[in-house]
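Student:
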Ligand SMILES: [Fe+2]
Ligand SMILES: [Fe+2]
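Numbering (my numbering), first residue to last: 7 to 473.
Written as structure tokens, this is what we have:
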């Protein structure tokens with residue numbers, strides 16, 4: 007089992023590569039807002055004034071500035087996504103959007119575009135083609151999806167994602183499902199709070215719709231989960247956890263029916279919080295024993311609510327009851343519970359650190375492995391971390407025997423057991439230059455990626471405080 011106790015030598019070890027400076031939350035927010043405003047402004051300006059002359063060149067150059075800063079800080083893509091009736095950049099909602107952004111959102115909706123993703127190396131010529139697509143007459147682009155339009159014009163570093171789905175009885179998009187999810191879950195949480203009742207059927211239907219969208223899209227997980235809204239943290243958290251359970255279950259190759267029951271159970275894992283006093287739920291920082299006990303009760307309260315609602319479908323009750331229980335290393339856990347635990351803690355870490363990109367996702371998975379490893383089924387956590395991109399070729403870190411290593415080839419399932427090359431043996435038992443397939447040595451060391459700075463001051467107890 008991984009954990010600091012296994013002897014990760016972080017004390018004397020210097021990160022093997024100069025890590026890029028991580029952006030603070032405030033810097034990220036301000037850059038994201040800049041991207042939204044400048045992209046929307048250029049899009050609008052192009053339509054008003056045409057695309058000629060110095061003014062236009064300056065406008066495009068202005069868009070490149072915040073984009074460049076985000077890539078510089080390690081972003082692997084910059085996403086502009088529809089979020090409810092607004093826009094989110096890197097998953098961060100643009101609050102109080104200026105009118106150009108509101109118009110831009112209208113245009114995206116009219117084209118059925120849900121996510122625009124800009125990849126490193128994107129240039130002003132690429133952006134011009136994007137604006138051309140958004141501004142073209144509907145008749146000219148009707149027959150073609152944005153992706154095809156861009157490819158035909160040689161643009162490779164801009165991706166357009168239409169998330170409209172055919173199926174599940176009509177056309178739905180992730181945005182619709184999310185908004186519906188908030189409503190449906192909100193109603194069920196409300197009923198649970200006032201009458202102590204919940205309709206498992208309604209939640210199941212929501213799970214099906216959610217699953218269709220999540221599994222049918224190629225949208226990055228980080229974008230799918232970026233629907234954060236302070237006022238209804240509980241609901242957003244529930245949708246996020248269900249999304250992550252669905253992604254994990256699907257990657258395990260489970261059949262659709264099994265994925266669906268797990269997603270349903272995940273949606274209600276925290277429903278017992280409706281029985282916890284508001285003051286305890288909104289409390290931040292160290293908790294007294296009495297408050298902690300009240301918070302801890304949400305697991306058993308949730309199980310009771312869900313069992314009352316349906317004795318036949320007991321999985322949601324089991325997931326609610328055990329989602330915080332530390333697994334017994336000698337006993338196999340129930341898969342739905344284990345997947346929910348991973349998703350739950352991941353979304354908690356995400357909330358606390360506030361990251362919205364691939365680097366943050368990998369950092370969170372690494373944090374869970376290094377600092378909280380004994381709480382999870384190690385195989386499932388390794389798989390989850392792999393889904394988040396940990397252990398990719400070229401990544402650097404340590405072995406827990408001390409050597410500085412670089413990943414030569416990722417393991418398809420196990421993020422922390424790739425094939426590595428020893429860059430510097432330090433005082434470890436392997437020699438510099440050795441190539442080791444960690445997966446072939448199940449009792450050998452594991453790969454410990456560098457933990458991004460933003461996670462270093464986070465303690466597992468902070469995550470517990472979220473429940
Ligand atoms: Fe939770
Ligand atoms: Fe919980």
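C-beta: ideal position from N, C-alpha, C; glycine also.
What does a CB cutoff of less than 6 Å around residue 161 pick up in its chain, not counting 5 residues either side in sequence?
Tutor: Working through the chain shown from its first residue, we reach residue 161 at position 155. Closer than 6 Å at Cβ, skipping near neighbours: 132 and 135.
Student: Which residues in the same chain as residue 370 place their Cβ atom closer than 8 Å to its Cβ, once the five residues preceding and following it in sequence are excluded?
Tutor: Mapped onto the chain shown, residue 370 falls at position 364. Cβ neighbours of residue 370 beyond the five flanking positions: 352, 355, 356, 359, 361, 394 and 461.
Student: What are the residues that DSSP puts in a beta bridge with residue 404?
Tutor: Counting from 1 along the chain shown, the entry for residue 404 is found at position 398. DSSP, once it has assigned bridges, lists 410 and 454 as partnering residue 404.
Student: In three-state DSSP terms, what is residue 107?
Tutor: Against the chain shown, residue 107 aligns to sequence position 101. Looking at residue 107 - three-state DSSP - the assignment turns out to be helix.
Student: DSSP on residue 296, reduced to helix/strand/coil?
Tutor: The count along the chain shown starts at 1 and reaches residue 296 at position 290. Helix.
Student: Three-state secondary structure (DSSP) at residue 65?
Tutor: For the purposes of this step, residue 65 is identified with residue 59 of the chain shown, where counting begins at 1. Residue 65: helix per DSSP, three-state reduction.
Student: Span of the beta strand (DSSP E) holding residue 102?
Tutor: Taking the chain shown and counting its residues from 1, the one referred to as residue 102 is at position 96. Element bounds for residue 102: n/a, residue is neither H nor E.
Student: Would you tell me roughly how many angstroms separate the C-alpha atoms of residue 450 and residue 129, rounded to the nearest one?
Tutor: Residue numbering aside, residue 450 sits at position 444 when the chain shown is read from its first letter. Residue numbering aside, residue 129 sits at position 123 when the chain shown is read from its first letter. About 46 Å.
Student: Let's test the definition: count the other Cβ atoms within 10 Å of the Cβ of residue 184 and tell me whether it reaches 16, buried, or not, exposed.
Tutor: The residue you call residue 184 lines up with position 178 of the chain shown. Residue 184 comes out buried.
Student: For residue 415, write down the residues that DSSP places opposite it in a beta bridge.
Tutor: The count along the chain shown starts at 1 and reaches residue 415 at position 409. Per DSSP, 425.
Student: When burial is assigned at 16 or more other CB atoms within 10 Å of the CB, is residue 114 buried or exposed?
Tutor: Residue numbering aside, residue 114 sits at position 108 when the chain shown is read from its first letter. Looking at its Cβ environment, which holds 16 or more other Cβ atoms inside 10 Å, residue 114 is buried.
Student: Quick check: what's the CA-CA separation for residue 341 versus residue 93?
Tutor: Within the chain shown, residue 341 is the residue found at index 335, counting from 1. Within the chain shown, residue 93 is the residue found at index 87, counting from 1. So the alpha carbons of these two residues sit roughly 36 Å apart.
Student: Find out if the Cβ-Cβ distance for the pair residue 4, residue 300 is shorter than 8 Å.
Tutor: As shown, the chain starts at 7 and ends at 473. That puts residue 4 outside it, with no answer to give.
Student: On the premise that residue 403 lies in contact with residue 441, defined as a C-beta separation below 8 Å, what is that separation, rounded to the nearest angstrom?
Tutor: Locating residue 441 in the chain shown gives position 435, counting from the first residue. Locating residue 403 in the chain shown gives position 397, counting from the first residue. Rounded, the Cβ-Cβ distance is 16 Å, inconsistent with contact.
Student: Closer than 7 Å: is that where the CB of residue 276 sits relative to any heavy atom of ligand 3?
Tutor: Ligand 3 is absent from the structure shown, which contains only ligand 1 and ligand 2.
Student: Nearest CA to the CA of residue 443: which residue from 432, 459, 424 and 309?
Tutor: Here residue 443 refers to the residue found at position 437 of the chain shown. Here the closest residue by C-alpha is 424.
Student: Hey, residue 111 and residue 88: beta-carbon distance below 8 Å or not?
Tutor: To locate residue 111, count along the chain shown from 1; it is residue 105. To locate residue 88, count along the chain shown from 1; it is residue 82. Closer than 8 Å, so yes.
Student: Tell me the DSSP secondary structure of residue 473 in three-state form.
Tutor: As a position in the chain shown, residue 473 is number 467, starting the count at 1. Of the three classes helix, strand and coil, the one that applies to residue 473 here is coil, per DSSP.
Student: For residue 441, report the span of its alpha helix (DSSP H) as first-last.
Tutor: Reading the chain shown from its first residue, position 435 is the one you call residue 441. Here residue 441 belongs to no alpha helix (DSSP H); instead the beta strand (DSSP E) covers 441–443.
Student: In three-state terms, what does DSSP make of residue 436?
Tutor: Mapped onto the chain shown, residue 436 falls at position 430. Residue 436: coil per DSSP, three-state reduction.
Student: Check each candidate in 212, 65 and 103 and name the one with the smallest Cα separation from residue 38.
Tutor: To locate residue 38, count along the chain shown from 1; it is residue 32. When each option's Cα is compared against that of residue 38, the closest is 103.
Student: Output needed for residue 329: all residues of its chain with C-beta closer than 7 Å, excluding positions within five of it in sequence on either side, in chain order.
Tutor: For the purposes of this step, residue 329 is identified with residue 323 of the chain shown, where counting begins at 1. So the qualifying residues of the chain are 275, 305, 343, 346, 347 and 350.
Student: What's the C-alpha gap between residue 448 and residue 334?
Tutor: In the chain shown, residue 448 corresponds to position 442, counting from 1. In the chain shown, residue 334 corresponds to position 328, counting from 1. Approximately 20 Å, taken between the alpha carbons.
Student: How many angstroms separate the CA atom of residue 18 from the CA atom of residue 411?
Tutor: Here residue 18 refers to the residue found at position 12 of the chain shown. Here residue 411 refers to the residue found at position 405 of the chain shown. Only weak support exists for where residue 18 lies, its pLDDT of 36 falling under 50; the coordinates are left without a value.
Student: Helix, strand or coil: how does DSSP classify residue 85 here?
Tutor: Start at 1 with the first residue of the chain shown, and residue 85 comes out as number 79. It is a strand residue.
Student: Return yes when at least one heavy atom of ligand 1 lies under 7 Å from the C-beta of residue 473, else no.
Tutor: As a first step, residue 473 is located in the chain shown; it is residue number 467 there, counting from the start. Yes - ligand 1 has a heavy atom lying nearer than 7 Å to the Cβ of residue 473.
Student: Is any non-hydrogen atom of ligand 2 found closer than 7 Å to the C-beta of residue 50, if you look at the structure I gave you?
Tutor: For the purposes of this step, residue 50 is taken as the residue at position 44 of the chain shown. No - ligand 2 has no heavy atom lying nearer than 7 Å to the Cβ of residue 50.
Student: Could you tell me the alpha carbon to alpha carbon distance between residue 246 and residue 107, rounded to whole angstroms?
Tutor: In the chain shown, counting from the first residue as 1, residue 246 sits at position 240. In the chain shown, counting from the first residue as 1, residue 107 sits at position 101. Rounded to whole angstroms, residue 246 to residue 107 spans 26 Å at the Cα level.
Student: Taking the alpha-carbon of residue 84 as reference, which of 53, 269, 430 and 122 has the nearest alpha-carbon?
Tutor: In the chain shown, residue 84 corresponds to position 78, counting from 1. When each option's Cα is compared against that of residue 84, the closest is 122.
Student: Taking 7 Å as the cut-off, does the CB of residue 350 come closer than this to any heavy atom belonging to ligand 1?
Tutor: Looking up residue 350 in the chain shown gives position 344. It does: the Cβ of residue 350 is within 7 Å (strictly closer) of some heavy atom of ligand 1.
Student: Would you please state the rounded distance, in angstroms, between the beta carbons of residue 42 and residue 86? I believe it to be under 8 Å.
Tutor: Looking up residue 42 in the chain shown gives position 36. Looking up residue 86 in the chain shown gives position 80. So it is a contact: roughly 7 Å between Cβ atoms.
Student: Can you determine whether any heavy atom of ligand 2 sits closer than 7 Å to the C-beta of residue 417, and answer yes or no?
Tutor: Looking up residue 417 in the chain shown gives position 411. Incorrect: residue 417 has no Cβ contact closer than 7 Å to ligand 2.
Student: Measure the CB-CB distance between residue 46 and residue 204 and report whether it falls below 8 Å.
Tutor: Here residue 46 refers to the residue found at position 40 of the chain shown. Here residue 204 refers to the residue found at position 198 of the chain shown. For residue 46 and residue 204, no; Cβs fall outside 8 Å.
Student: State the Cα-Cα distance for the pair residue 174 and residue 213, rounded to the nearest angstrom.
Tutor: Residue numbering aside, residue 174 sits at position 168 when the chain shown is read from its first letter. Residue numbering aside, residue 213 sits at position 207 when the chain shown is read from its first letter. Any reading at residue 174 must be qualified, since the residue scores a pLDDT of 37, below 50, and its modelled position is unreliable; the value itself is stated next. Using only the alpha carbons, I get a separation of about 12 Å.
Student: In terms of residue numbering, what span does the alpha helix (DSSP H) encompassing residue 244 cover?
Tutor: Translated into positions along the chain shown, residue 244 becomes position 238. 239–257 is the span of the alpha helix (DSSP H), which, as asked, contains residue 244.
Student: In its own chain, which residues sit with a C-beta less than 7 Å from the C-beta of residue 373, not counting the 5 before and 5 after it?
Tutor: Counted from its first residue, the chain shown places residue 373 at position 367. Closer than 7 Å at the Cβ level, and outside the excluded window around residue 373, lie 355, 457, 461 and 464.
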